[in-house]
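Enquirer:
Protein chains: 4
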Amino acid sequence: MRTYQVSGGADAPVVPVERPVPVPAAGHLLVRVKAAALNARDRLIVSGTYTAPVPPGRVPLSDGAGVVAAVGDGVTRFRVGDRVLSGFHPDWIHGPFTGWGDLYGVQRDGWLTEYIAVHERSVAAVPDHLSFEEAATLPCAALTAWSAVDGVGPGDTVLVQGSGGVSVFALQFARLAGARVLATSSSPEKAERLRALGASEVVDYVRTPEWGAAVRELADGRGADLIVEIGGAGTVSQSLDALADGGRISLVGNLASGGGLDLTRFFRRGAALRTITVGSRSDLERMNQVIGRHRLRPVIDRVFPFAAAPDAFAYFEKGAGMGKVVISL
Amino acid sequence: MRTYQVSGGADAPVVPVERPVPVPAAGHLLVRVKAAALNARDRLIVSGTYTAPVPPGRVPLSDGAGVVAAVGDGVTRFRVGDRVLSGFHPDWIHGPFTGWGDLYGVQRDGWLTEYIAVHERSVAAVPDHLSFEEAATLPCAALTAWSAVDGVGPGDTVLVQGSGGVSVFALQFARLAGARVLATSSSPEKAERLRALGASEVVDYVRTPEWGAAVRELADGRGADLIVEIGGAGTVSQSLDALADGGRISLVGNLASGGGLDLTRFFRRGAALRTITVGSRSDLERMNQVIGRHRLRPVIDRVFPFAAAPDAFAYFEKGAGMGKVVISL
Amino acid sequence: MRTYQVSGGADAPVVPVERPVPVPAAGHLLVRVKAAALNARDRLIVSGTYTAPVPPGRVPLSDGAGVVAAVGDGVTRFRVGDRVLSGFHPDWIHGPFTGWGDLYGVQRDGWLTEYIAVHERSVAAVPDHLSFEEAATLPCAALTAWSAVDGVGPGDTVLVQGSGGVSVFALQFARLAGARVLATSSSPEKAERLRALGASEVVDYVRTPEWGAAVRELADGRGADLIVEIGGAGTVSQSLDALADGGRISLVGNLASGGGLDLTRFFRRGAALRTITVGSRSDLERMNQVIGRHRLRPVIDRVFPFAAAPDAFAYFEKGAGMGKVVISL
Amino acid sequence: MRTYQVSGGADAPVVPVERPVPVPAAGHLLVRVKAAALNARDRLIVSGTYTAPVPPGRVPLSDGAGVVAAVGDGVTRFRVGDRVLSGFHPDWIHGPFTGWGDLYGVQRDGWLTEYIAVHERSVAAVPDHLSFEEAATLPCAALTAWSAVDGVGPGDTVLVQGSGGVSVFALQFARLAGARVLATSSSPEKAERLRALGASEVVDYVRTPEWGAAVRELADGRGADLIVEIGGAGTVSQSLDALADGGRISLVGNLASGGGLDLTRFFRRGAALRTITVGSRSDLERMNQVIGRHRLRPVIDRVFPFAAAPDAFAYFEKGAGMGKVVISL
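What follows is the structure in structure tokens.
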């Protein structure tokens, strides 16, 4: 079968190789991968800047969807022909987070491959109304967004930053739950699309570098109840301005390097900060039920064919689009 | 009547003055103050280093207890002779935190005085088994601790830092709820007393500067589920070492200056951080019910007579004791 | 001023009398009532069948809205000219339910009068976009519905029974929070209107006496996650059929006499049952914020002039309409 | 191997038979059973009065503990030699209750046998400090009690009824969490033992048939916050007297036949009623952690040897003891 692995070299982020199709052990499924999707962490993995060491030859990507092609002994949850998608944490099935564990693309091979063998407990069913390309966007970005806005309702104002995969899903999920959503964006076109997805107001963070105060003003002068924090140290200072007294911040990544959180300002705001660790498979299934119920459609920026996987990484690196970048097999 | 106000000068933190006994307006009580207690914020208030400006002549101290000496028109919650204690937030009666508002010792006169007129909604009844000196310790330190360990139970391991007022109350409340409690201390004598109050283990943070790793080890090698963070930027780095993956930190003060929270380490720990904003009067009453039910006794370090109030501030400044410093009238 | 009181006689449910305009005591407001609304309990009160004794001459109705005409000493929450509405429980301000206490129309005079003096803590501000007639529908029916569907979200299926005041509000609030709503009705016209308000499906409980099974089928064959139970003993048997395993029932009234709940069937369903005790003033204010945010409009069946108050009771007794019956002053 | 199955006849509740030792399929464990325990439902199963049909030859008992004797292909959670105990619901691993499913002793063979083959996901590890006899008491009774008192804390008053397995565990768990516990009992000796386990007060329900009022009085005249309801229709009327306004009842069984719940009294009490469906394996593991942490010891009434299993049923039928009846292999 055809598989991509991290190159470790400068020319391309990933290189194609031939590997034998794996045989599913007891309790495992062989999945014919039909689509995979990119996330911010994949940039770090292929560029050698991830916080944990990535061994040479590792297959990247945590997010994929496909068809069960064969089942090992004792499999009960799925049958050949079922459509499944990956859980971001292959070993976190339910209950509270207790550590990052082994992850695809780092400690184990990921989904940028024609076939993958995974334990049946590590995957979930694909919602009926979704294509494989759409389903592949869910494991990391959608579940992160789902967990980040957990518990919001019709009385809440939520701020999402930009129009990357997590932010767009957070906007969609918060709207489903009746919350008011504000967004930041640097592009009038994206702002327009965010409004079409349900954002009440969009603040241009380039033209308004002090966007925290602007958001606060739009949020009844009181500030947002919940902020889905994408930028980490790079943006959290503005977020503290945008946040309501007693508000909370969901920390979904820490992309910017350097700096930290000013605890004095945090304390004076009476704020709360919660790391979003994606979610368990049980969380994934609950999210999928809601996605299915509401026939929610993921926003896909662009789909690349499997043969052009390196181009997908290059395109994603520029970060110009809105929503998810997907590779189709 | 005799009252103390902030001196603004170098000689003494507070100076006595004579003021007329106030007359309670409609809805207000006149309270004959019988005891008042000191908290970390009072050090900043009398030394002119508090984050908000303190006008000259301000009467300090948020925490006091006394007897209702007279009632204004329309008072229904209390009668003359009732024993009452102050709520830290005079205007936060119930519901979630929505801002710090006007506070005693800063925007309004506090409890270091023979008589104070307060709205009946701003105070709570003193638990029957407590003296006024004990009751005066509750409004800020006990309620902060109560809120900080909210929700812990028999499955949790809690870490408290040192043996100041908040830490000792947090130890007591966490033990009441069945949690396992670890503590840090620099003194063998205090460590002994913390153990007597129910701490399972005490780590000497002077002899073990990397106390975070030591706590982690004692907490089943997994780390504490909840840390009551007193030191803020000064200790939070060790706290991140001591914390379990997915654990939470209650931020009850930010006494140390400089520095901040490393968001990358925070994220990798899957941590949550929550500002403890003391609590509403409704929270105070619930805490008092539990204190009454379990006949919990506050730990008092030392009681000073009213005439020696400046000595109480000087003693508290040194921070050598365990539990609360109280002034008795 | 003109006031209605319970007649105790057979001719009319309420009779007009003249009374002096009350003078607001300290902490109290004098409210010029502009509208009042009827609830199921008012039928029992005026007909002498309420569970607690109603003294002769009692002024009925818990629900009203009006303008502050004068304020007593020490009032701080409102000013003359402010628009206010009643809290159903005049003395339940915040925190959990601890008993029914003194209620309008039973232990104290209610809102079917030109002027009423109430403590400032017993009322809440009227949402800006609502008329007095609309505001008067909120204290009992809307808050009951709000509490009954508390916590539902985009993954839940909710069943409401019929098209009375509580049921229509429950439909509206559940839809705001993203839930799927099913309803029962005996009238095709009402069914149409319930669908227009967001009900996915409406079951005709006259043509389908076994509507429980029909609802179960519509709810993915699994049953409703939450049922807002209006009929009590009269309908709860069908509700147990309609309920999902592990589902919950909000008990908002027990209008039908006789019978009870079959605990064996309840147990086998793994069900939960919760009395809805309307809510505190704090709950009312939170609901009002959401109503204001979403500019939700109460559904009013019919408005009667003050002079025709007895007709309003007679009309309400027939229960033919959809939504609330209001009296305008 | 030696196994007991339901006799279906009048002479004995269970009869011994010889069966081949099962071979564990993929994902399954072969467990050498070392102890099993009886629950109220087992009486119904062996007497043919259970609510679902029990096929002839069914092996009874949901609760057992033993040693892993062999593992099937693909097993990852346990190894040969591990000590395990059964989960009451073999297929409910995590998440909310969604139906009773297939249960031991009814739809599938149970634990009153020398060897049983079960899926590795259906069992949990035995806490280190417990014997097999003690461990066998946990799956149904302890987890039911754990779920029944979920969320109680130092401010709550809990009532347990009698001294059966669930009641004694509920007393122990509620005490661990700091709650005050009241109990009912008909025997002075048992009352003494309940007090030794931490009950504050014990009411004799034989000498005080109106024990509801007595409990209410003991609970500060206010009533219990939570009642662990064992008797169902037979006792729930007294429970409504014993309950605080706004209190909740955990329904753990409905042993008494006939009658039902008076919804009018329930409503006036502002009560909540929740079916306790034992719990998932995830709940079981969390409970076991706490049992291990606090080295809690189950109260065992009497242990019978495997050969005397019918005597155990006969003894249990009389219900004279306190705590659990166990069969040791």
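In the order they appear, the protein sequences are chains U, V, L and B. This note's numbering runs 1056 ahead of the 1-based position in the first sequence. This note's numbering runs 1056 ahead of the 1-based position in the second sequence. This note's numbering runs 1056 ahead of the 1-based position in the third sequence. This note's numbering runs 1056 ahead of the 1-based position in the fourth sequence. Idealized CB from N, CA, C, for every residue including glycine.
1) So, for Glu1176/B: in the same chain, excluding its five sequence neighbours on each side, which residues have a beta-carbon less than 7 Å away from its beta-carbon?
2) Decide if Ile1157/V is buried, meaning its Cβ has at least 16 other Cβ atoms within 10 Å, or exposed.
3) Smallest Cα separation from His1185/L: which of Pro1354/L, Glu1257/L and Thr1264/L?
4) Which value, in whole angstroms, describes the spacing of the CA atoms of Tyr1261/V and Leu1340/L?
5) Output, in sequence order along the chain, the residues in the segment 1227-1257 of chain U whose CB is closer than 9 Å to any CB in chain L.
6) Taking the Cβ atom as the reference point for each residue, do Val1073/V and Ile1101/V lie within a distance shorter than 8 Å?
7) Can you list the residues of chain B that Gln1345/V reaches, using a CB-CB cut of under 7 Å?
8) If you measure from the beta carbon of Asp1206/B to each beta carbon in chain L, is any gap under 8 Å?
9) Does any C-beta atom of chain L lie closer than 8 Å to the C-beta of Val1056/B?
10) Counting Cβ pairs closer than 8 Å, one from the segment 1202-1215 of chain U and one from the segment 1112-1124 of chain U, do we hit at least three?
11) Assuming Val1089/L contacts Leu1385/L under a Cβ cut-off of 8 Å, what Cβ separation, rounded to an integer in Å, is found between them?
12) Roughly how far, in whole angstroms, is the beta-carbon of Leu1250/L from the beta-carbon of Ala1239/L, given that I think they are within contact range, below 8 Å?
13) Put Ala1176/B into one of helix, strand or coil per three-state DSSP.
14) Name, going along the chain, the residues of the segment 1317-1344 of chain V whose beta-carbon falls closer than 8 Å to a beta-carbon of chain C.
15) Spatial neighbours of Val1359/B within its chain, please: C-beta separation below 6 Å, excluding the five flanking residues on both sides.
16) Buried or exposed: Val1258/V, going by 16 or more other Cβ atoms within 10 Å of its Cβ?
17) Would you grab the beta carbon distance between Leu1317/B and Leu1319/L for me? Rounded to a whole angstrom, and I think it's under 8 Å.
18) Are His1150/V and Ser1336/V closer than 8 Å when you measure CB to CB?
19) Please check if any C-beta of chain V sits within less than 8 Å of the C-beta of Asp1129/L.
20) List the endpoints of the continuous alpha helix (DSSP H) containing Gly1348/V.
21) Per DSSP, which one or two residues make a beta bridge with Gln1061/B?
22) Report the neighbours of His1350/U on chain L: residues whose CB is nearer than 7 Å to its CB, in chain order.
23) So, for Arg1075/V: in the same chain, excluding its five sequence neighbours on each side, which residues have a beta-carbon less than 7 Å away from its beta-carbon?
24) What does the alpha-carbon distance come out to for the pair Glu1245/V and Ile1356/V?
25) Would Thr1193/U and Ala1255/U qualify as a contact pair, given that the criterion is a beta-carbon distance under 8 Å?
26) Give me the chain L residues within the contact set of Gly1151/V, using Cβ-Cβ distance strictly less than 9 Å, ordered along the chain.
27) Does the Cβ of Lys1374/U have 16 or more other Cβ atoms within 10 Å, making it buried, or fewer, making it exposed?
28) For Glu1248/L, which three-state DSSP category applies?
29) Relative to the C-alpha of Ser1219/V, which residue among Val1284/V, Ala1191/V, Pro1069/V and Trp1167/V is closest?
30) Who are the Cβ neighbours of Gly1309/L in its own chain at under 7 Å, not counting the five residues just before and after it?
31) I'd like to know whether the C-beta of Ala1126/L is nearer than 8 Å to at least one C-beta of chain V.
32) How close, in whole Å, do the beta carbons of Ala1298/B and Val1271/B come, if the pair is a contact with beta carbons under 8 Å?
33) Under 8 Å: do the segment 1139-1147 of chain V and the segment 1165-1182 of chain V share three or more Cβ pairs, one atom per stretch?
34) Along chain B, which residues have their Cβ under 9 Å away from the Cβ of Gly1083/U?
35) Tell me the residue span of the beta strand (DSSP E) that contains Pro1366/B.
36) Sort out for me which residues DSSP pairs Ala1328/L with in a bridge.
Expert: With the structure as the only source:
1) Gly1083, His1084, Leu1085, Val1131, Arg1133 and Phe1134
2) Per the sequence presented here, residue 1157/V reads as Gly, with Ile not at that position. Under this definition Gly1157/V is an exposed residue.
3) Pro1354/L
4) 49 Å
5) Within the segment 1227-1257 of chain U, the residues whose Cβ lies closer than 9 Å to any Cβ of chain L are, in chain order, Phe1229, Arg1231, Leu1232, Ala1233, Gly1234 and Arg1236.
6) no
7) Gly1211
8) no
9) The displayed coordinates of chain B run from 1057 to 1385. Any statement about residue 1056/B would go beyond what the structure contains.
10) The way I'd put it, the segment 1202-1215 of chain U doesn't touch the segment 1112-1124 of chain U; fewer than three beta-carbon pairs between them come closer than 8 Å.
11) 5 Å
12) 5 Å
13) Correcting the residue identity first, residue 1176/B is Glu in this sequence and not Ala. Correct three-state label for Glu1176/B: helix.
14) Reference to chain C is not applicable here, since the protein chains of this structure are U, V, L and B.
15) Answer for Val1359/B: Glu1189, Val1382 and Ser1384, listed in chain order.
16) The residue is buried, with at least 16 neighbouring Cβ atoms inside 10 Å.
17) 6 Å
18) Yes. Within cutoff.
19) yes
20) Gly1348/V -> alpha helix (DSSP H) spans Arg1337 to His1350.
21) BP columns for Gln1061/B point to Val1071/B.
22) Pro1210
23) Met1057 and Thr1059
24) 15 Å
25) Result no, Cβ atoms of Thr1193/U and Ala1255/U do not sit closer than 8 Å.
26) In chain order: His1150, Ser1338, Glu1341 and Arg1342.
27) exposed
28) Reduced to three states, the DSSP call for Glu1248/L is helix.
29) Val1284/V
30) Ala1096, Ile1286 and Gly1288
31) no
32) 4 Å between Cβ atoms; contact.
33) yes
34) Ala1082, Gly1083, Asp1129, Gly1130, Val1131 and Thr1132
35) Looking at the DSSP string, Pro1366/B is not in any beta strand (DSSP E); the run it does join, the alpha helix (DSSP H), is Ala1365 to Lys1374.
36) BP columns for Ala1328/L point to Arg1304/L and Arg1330/B.
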